[in-house]
Amino acid sequence: MLKATIDAETFRESIDAVAALVTECRLHVDETGIRTCAVDTANVAMVSLELGKDAFETYEAAPEELGIDIAKMKSILGMMSKGDLLSLNLAEGSHKLELSFGSYQYSVTLLDVNTIRKDPSPPAIELPGKVDLQGSALSSAIKAADVISDKIALGIDEKTETFFMMAEGDTDHIRLELGRDQLIDIQPAEARSLFSLDYLKDMGKVMARAEKVRAEIGVDHPVRFLFDLAEGSGHIQYLLAPRIEAE
Amino acid sequence: MLKATIDAETFRESIDAVAALVTECRLHVDETGIRTCAVDTANVAMVSLELGKDAFETYEAAPEELGIDIAKMKSILGMMSKGDLLSLNLAEGSHKLELSFGSYQYSVTLLDVNTIRKDPSPPAIELPGKVDLQGSALSSAIKAADVISDKIALGIDEKTETFFMMAEGDTDHIRLELGRDQLIDIQPAEARSLFSLDYLKDMGKVMARAEKVRAEIGVDHPVRFLFDLAEGSGHIQYLLAPRIEAE
Amino acid sequence: MLKATIDAETFRESIDAVAALVTECRLHVDETGIRTCAVDTANVAMVSLELGKDAFETYEAAPEELGIDIAKMKSILGMMSKGDLLSLNLAEGSHKLELSFGSYQYSVTLLDVNTIRKDPSPPAIELPGKVDLQGSALSSAIKAADVISDKIALGIDEKTETFFMMAEGDTDHIRLELGRDQLIDIQPAEARSLFSLDYLKDMGKVMARAEKVRAEIGVDHPVRFLFDLAEGSGHIQYLLAPRIEAE
Chain A
1 MLKATIDAET FRESIDAVAA LVTECRLHVD ETGIRTCAVD TANVAMVSLE
51 LGKDAFETYE AAPEELGIDI AKMKSILGMM SKGDLLSLNL AEGSHKLELS
101 FGSYQYSVTL LDVNTIRKDP SPPAIELPGK VDLQGSALSS AIKAADVISD
151 KIALGIDEKT ETFFMMAEGD TDHIRLELGR DQLIDIQPAE ARSLFSLDYL
201 KDMGKVMARA EKVRAEIGVD HPVRFLFDLA EGSGHIQYLL APRIEAE
Chain B
1001 MLKATIDAET FRESIDAVAA LVTECRLHVD ETGIRTCAVD TANVAMVSLE
1051 LGKDAFETYE AAPEELGIDI AKMKSILGMM SKGDLLSLNL AEGSHKLELS
1101 FGSYQYSVTL LDVNTIRKDP SPPAIELPGK VDLQGSALSS AIKAADVISD
1151 KIALGIDEKT ETFFMMAEGD TDHIRLELGR DQLIDIQPAE ARSLFSLDYL
1201 KDMGKVMARA EKVRAEIGVD HPVRFLFDLA EGSGHIQYLL APRIEAE
Chain C
2001 MLKATIDAET FRESIDAVAA LVTECRLHVD ETGIRTCAVD TANVAMVSLE
2051 LGKDAFETYE AAPEELGIDI AKMKSILGMM SKGDLLSLNL AEGSHKLELS
2101 FGSYQYSVTL LDVNTIRKDP SPPAIELPGK VDLQGSALSS AIKAADVISD
2151 KIALGIDEKT ETFFMMAEGD TDHIRLELGR DQLIDIQPAE ARSLFSLDYL
2201 KDMGKVMARA EKVRAEIGVD HPVRFLFDLA EGSGHIQYLL APRIEAE
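Written as structure tokens, this is what we have:
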């Protein structure tokens, strides 16, 4: 059972964040809020979303697992206007989720959860380098790298306390360096890993809207991005596996 | 013979309204103004346009029938700026229509009217349900339905005095309800008919600009949309045949 | 050797002007500034660019010839923001040009100049008709002509001191006339030549930004467009061969 209202923009950003990686997911609902965790089909990237009950205007729920067609949900939410209030309703035992906003009422049949991959267990990796920066700065760097390459290296120069990103094309390369005063915060540690821009581009579009993104990196380790929604009541986490650096 | 000047925007909206359904038409010119009526190639939708002489800044004409390449006219009018004054000139017995706006002079050879389908006779159908609403609200509903289906049902709930639209996808459906206080006016009557979104989408883009659109509907009957141009001196009417509702 | 800083927007406009015709060029650098001159692969159009040292914030250089991949440079410069200051650095004897802007550092390996076509000798043609007009007016005329044809005639009516452009489609034609009071200046002379819109469209996009463009035309002769960058410290010239008018 779910009976809740939420700012349309907040819910749309949540769904967009998940839609960057997967087309369907298991949404877990209980008294404390909703959450999901999903891995892309190639097992390279993971997204986890938590929307606490405080992210909602009103919230009432009993534990349940919902099969959501994320791609379809995204296109429907695209019709909502900024400022709309969205009502979510799922009756006890029902397989139809009702969404209402403005004068619209939208009803979607839930997917059978058994046809959707189980939630992955988020790996417990400690990543020593931590950087807090504006989402828009991160997104710009990803776009810049994409002009000349399909890979990007993210790292930290421990001595200069600088976060760097680097991309190499056939005859050119680009480097972005952000020192302590251009970052919100930095916890320096030796770090440098290479990532596929294919995944980062989609994540970058979502993160561009975040005021603050935390990036956690290591040496040839995954990168973890963390950012908030709804003034801290919602949390999104991306985890992306590294690529092996060619000799 | 035609010698007239008109606000470029008004003329562009008129041509756009016709261009939503056909690529060429017969334009009837006389002392009282210009008008056309045309049916799409599949005989599913009809558009009729009337621009009275009051819609023009200056107007002088003798009765004549002009063969207009609507698609080409639309692309030419796209070059005009808002606020431009457009001059239309067709000399007695000439086959070249001259359009001037700004420092531009555009001359187009008229089509042979005999190669263009004759004007249809607008069917005299009485449609009992009548709804006046903002063009933008109608256009939004059409866009929303298009996300999940290729058909839309338009109807009136007589008891609640509510105008509704409904679309069904494979696993979901969407419903929009507009009560008396969200409408400009409503004349309730039992009404519900199904329409192809293919046609409605093109009409919707044109109607989105209208402050008020009247929609007339019945039970498994065509829908008629009526709206004005040029502060009431111009009238546009769309008529769209219903689709049979599948069991 | 080159060590210079320049307003990012000025440099981007310079590269865009060259990119409208060629994908690579020889850039000549010396104490007085940088310049290039290049012809498109079909030998129909020529661009020449001069950026005097006054166009730069700081400038220091020793004579050198640089092989530039214009297309790649254009995509990189697209990442810069308005107001950015761009640093150009080429060490003595190096083949890597360093560009820095904001927190980005971009390094590009220069092309071997011997693989790039030699600079053409700009032909010394005297074109009698001269017209000064807003770049945006010229660009609009080119766009309007493009709607109905693939060729445009540019000319001057000596008696009425009018600059005209004309394009003919199969059944229609368009004519734009700009008299002395709609132009910045005109030096009338009999002139009328026909040009391919393919080339003019790309040039038009660049010239649209110029406050003043001088167009020099003759009878069945090339057209020359001249305009400035960086408050007169930069000069761009396009030369386009005429097409033969079909009978």
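Residue numbers (the working numbering), protein chains in the order written: chain A, 1 to 247; chain B, 1001 to 1247; chain C, 2001 to 2247.
Backbone N, C-alpha and C fix where the C-beta goes; we use that ideal spot for every residue, glycine too.
7 Å Cβ shell around residue i - same chain, five flanking residues per side excluded
i	result
D285/A	Nothing can be reported for residue 285/A: it is not among the residues displayed for chain A, which extend from 1 to 247.
R209/A	E13 and G135
T32/A	G52 and K53
L1183/B	V1131, D1132, L1133 and F1163
A189/A	P128, G129, I156 and E158
E2247/C	Bear in mind that the predicted position of E2247/C carries a pLDDT of just 49, short of 50, making it unreliable; the figure below should be weighed with that in mind. Contacts found: none.
H2221/C	I2125, L2127, S2193 and P2242
M207/A	G135, L138, S139, V213, F225 and F227
Simplified DSSP assignment, three categories, for residue i
i	result
Q1134/B	coil
V1022/B	coil
F1164/B	strand
A2189/C	coil
E13/A	helix
K82/A	coil
G2155/C	strand
N2043/C	coil
I1125/B	coil
K1212/B	coil
E1231/B	helix
I244/A	coil
S100/A	strand
A2004/C	strand
S1149/B	coil
L2027/C	strand
G2218/C	coil
R180/A	helix
T2109/C	strand
Neighbourhood of residue i by C-beta, 6 Å cutoff - its chain only, sequence neighbours within 5 removed
i	result
I996/B	Only positions 1001 to 1247 of chain B appear in this structure, which leaves residue 996/B out of reach.
K1074/B	I1015 and A1019
E98/A	N89 and S107
V1113/B	R1026, E1065 and G1067
A230/A	T10 and A55
G234/A	L51 and A55
L1200/B	I1142
I1116/B	E1024, R1026 and G1067
S1087/B	T1005 and S1100
Backbone CA spacing between residue i and residue j [nearest angstrom]
i	j	result
T2058/C	L2051/C	13 Å
L1133/B	E1216/B	11 Å
M79/A	V1147/B	9 Å
C1037/B	A1019/B	12 Å
K151/A	R1224/B	56 Å
D2185/C	V2131/C	6 Å
L2066/C	T2010/C	19 Å
T160/A	L178/A	10 Å
A2055/C	L1002/B	56 Å
I2194/C	K1118/B	With the sequence shown as reference, residue 2194/C is identified as Leu, and Ile is not the correct amino acid for it. Distance between the alpha carbons of L2194/C and K1118/B is about 41 Å.
M1046/B	K2205/C	40 Å
H28/A	G93/A	15 Å
D24/A	P242/A	A small correction: the amino acid at residue 24/A is Glu; Asp does not occupy that position in the sequence shown. So the alpha carbons of these two residues sit roughly 24 Å apart.
A2091/C	A2061/C	10 Å
K2082/C	A153/A	27 Å
Close beta carbons around residue i, own chain, < 8 Å, minus the five adjacent residues each side
i	result
L1085/B	T1005, I1006, D1007, A1008, E1057 and F1101
The ligand SAM heavy atom lying under 7 Å from the CB of residue i
i	result
L1133/B	For the structure depicted, the ligand SAM is absent and the ligand set is empty, with no information on it obtainable.
*Closer than 7 Å, Cβ to Cβ, to anything on chain A: give me those residues from the segment 2111-2144 of chain C, in chain order.*
none
*asked:* For the segment 1096-1108 of chain B against the segment 2167-2183 of chain C, do three or more pairs of beta-carbon atoms, one drawn from each stretch, fall closer than 8 Å, so that the two count as touching?
replied: yes
*Name the residues in the segment 144-157 of chain A whose C-beta lies less than 7 Å from a C-beta of chain C; which are they?*
A144 and V147
*asked:* Output needed in chain order: residues of the segment 1173-1184 of chain B with a Cβ under 9 Å from some Cβ in chain A.
replied: H1173, I1174, R1175, L1176, E1177, L1178, G1179 and Q1182
*Residues in the segment 1077-1096 of chain B with C-beta within 8 Å of chain C's C-beta atoms, listed in sequence order?*
G1078 and M1079
*Counting pairs of beta carbons, one from the segment 2116-2126 of chain C and one from the segment 2137-2144 of chain C, are three or more of them closer than 8 Å?*
no
*Could you list the residues in the segment 1192-1208 of chain B with a C-beta less than 9 Å from some C-beta on chain C, going in chain order?*
none
*Quick one, which residues of the segment 2097-2109 of chain C are near chain A if we go by CB-CB under 7 Å, in chain order?*
S2103, Y2104, Q2105, Y2106, S2107, V2108 and T2109
_Under 8 Å (Cβ pairs) to chain C, residues found in the segment 1063-1075 of chain B_ = D1069, K1072 and S1075
*Select from the segment 1159-1171 of chain B all residues with a C-beta closer than 9 Å to any C-beta belonging to chain A, and list them in chain order.*
G1169, D1170 and T1171
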